[in-house]
Amino acid sequence: KAGVTQTPRYLIKTRGQQVTLSCSPISGHRSVSWYQQTPGQGLQFLFEYFSETQRNKGNFPGRFSGRQFSNSRSEMNVSTLELGDSALYLCASSSLEGSYEQYFGPGTRLTVT
Amino acid sequence: TQLLEQSPQFLSIQEGENLTVYCNSSSVFSSLQWYRQEPGEGPVLLVTVVTGGEVKKLKRLTFQFGDARKDSSLHITAAQPGDTGLYLCAGVDSGTYKYIFGTGTRLKVLA
Chain A
1 KAGVTQTPRY
11 LIKTRGQQVT
21 LSCSPISGHR
31 SVSWYQQTPG
41 QGLQFLFEYF
51 SETQRNKGNF
61 PGRFSGRQFS
71 NSRSEMNVST
81 LELGDSALYL
91 CASSSLEGSY
101 EQYFGPGTRL
111 TVT
Chain B
114 TQLLEQSPQF
124 LSIQEGENLT
134 VYCNSSSVFS
144 SLQWYRQEPG
154 EGPVLLVTVV
164 TGGEVKKLKR
174 LTFQFGDARK
184 DSSLHITAAQ
194 PGDTGLYLCA
204 GVDSGTYKYI
214 FGTGTRLKVL
224 A
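So the sequences go chain by chain: A and B. With this note's numbering, letter number 47 in the first sequence gets 47, and the count goes up by one each step, no holes. Plus 113 on top of the position in the second sequence (first one is 1) and you've got this note's numbering.
This is how it looks when you write it as structure tokens:
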């Protein structure tokens, strides 16, 4: 099976802009979760989608949003970018709702200047 | 909110040495996962432990889940440079049902 794919792999944006990141889960996986990873905060949960519904949400401002499509692909959007949004954004898929045993993509490295 | 504290935070050892990484919480977890992450990549799932007292082996890696399911350990025998990476434990917070990650242990094995 093909693994989790994320696009783009690298992105440079300017403060105030918005960005959309894409994630394609492993075939057959219906749960997709998003994480932000920074050196200072580690891996932090953003949100989880299962069958197009957001099931859980982390403690991030409303500028961070996501959605899942009927084919389980997911997108994450960050509006009004801030310098502190620079991070590695990771997507993970799981065959089970509830985020056990997650399979991660390679991530999107976002740099905000 | 449950927290997963890992120790040590950093570890630099010579090839062939043994090491143990700890993952501790004050709360009970229904299961814990261990991942390894290499620079520029996403974490890779190594193992899931579910039963208190459970021991799982993956080649030179031995994972143990504490009897009370509040802690776990990862022991590596005869470490190799290929073991270098960030080791993360993770589990589902029973209060919020959010998947949380430990603070991480960065391991470097020198040839």
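We put the beta carbon where it would ideally sit given N, CA and C, even for glycine. Everything numeric in this text was worked out from a predicted model, so none of it was measured.
**Message:** I'd like to know whether the C-beta atoms of glutamate 82 of chain A and arginine 15 of chain A end up nearer to each other than 9 angstroms.
**Reply:** yes
**Asked** Helix, strand or coil: which one does DSSP assign to aspartate 196 of chain B?
**Response** helix
**Prompt:** How is glycine 84 of chain A classed by DSSP in three states: helix, strand or coil?
**Reply:** helix
**Request:** May I ask you to list the residues that DSSP assigns as paired with histidine 188 of chain B?
**Result:** B:Thr133, B:Thr175
**Asked** What are the partner residues of alanine 92 of chain A, as DSSP defines its beta bridges?
**Response** A:Ser33, A:Phe104
**Message:** Beta-carbon within less than 6 angstroms of arginine 219 of chain B's beta-carbon, same chain only, minus the 5 sequence neighbours each way: which residues are those?
**Reply:** Phe123, Leu199
**Asked** Going by beta carbon distance, what residues of the same chain come within less than 7 angstroms of threonine 7 of chain A, once the five residues before and after it are set aside?
**Response** Ser22
**Message:** So for tyrosine 10 of chain A, helix, strand or coil by DSSP?
**Reply:** strand
**Item:** First through last residue of the beta strand (DSSP E) which encompasses arginine 149 of chain B
**Value:** 145–150
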